[in-house]
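With the sequence shown counted from 1, adding 1 to any position gets you our numbering. Shown next, in structure tokens, is the structure this report addresses.
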Amino acid sequence: YGYEMGPLILLRQPLGETSDALLTHELCHVWQDQDHRLRLWWSYVRGGYADNPHEVEARQAGAAAAS
């Protein structure tokens, strides 16, 4: 599991044990935060997590890195 806080990515396991898919997913959130921080955070407050367009984009990026 990972969590993005601005330029900081928090990981549950050591970096060497972290998949490229998870790193790509979280790096996508870093870019989203840098590109449009208020819109990113407000989208989670307003729309939740599961179908959030920022989360969907990050999942797609992670899936592309995994394949």
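For every residue, glycine included, the Cβ atom is placed at its ideal position computed from N, Cα and C.
Does DSSP put Y4 in a helix, a strand or coil? For the purposes of this step, residue 4 is identified with residue 3 of the sequence shown, where counting begins at 1. Three-state DSSP puts Y4 in a strand.
For L23, the first and last residue of its enclosing alpha helix (DSSP H): Against the sequence shown, residue 23 aligns to sequence position 22. Unbroken alpha helix (DSSP H) run through L23: D21 to G48.
Are there three or more Cβ pairs, one per stretch, closer than 8 Å when the segment 36 to 48 is compared with the segment 11 to 28? no
Closest by C-alpha distance to H55, when choosing among A65, G3, V31 and A67: Along the sequence shown, read from residue 1 onward, the residue named residue 55 stands at position 54. Per the Cα distances, V31.
With a CB to CB cut of under 7 Å and the five nearest residues on each side skipped, what residues in its chain are close to Y4? Walking along the sequence shown from the start, residue 4 turns up at place 3. Contacts found: L11.
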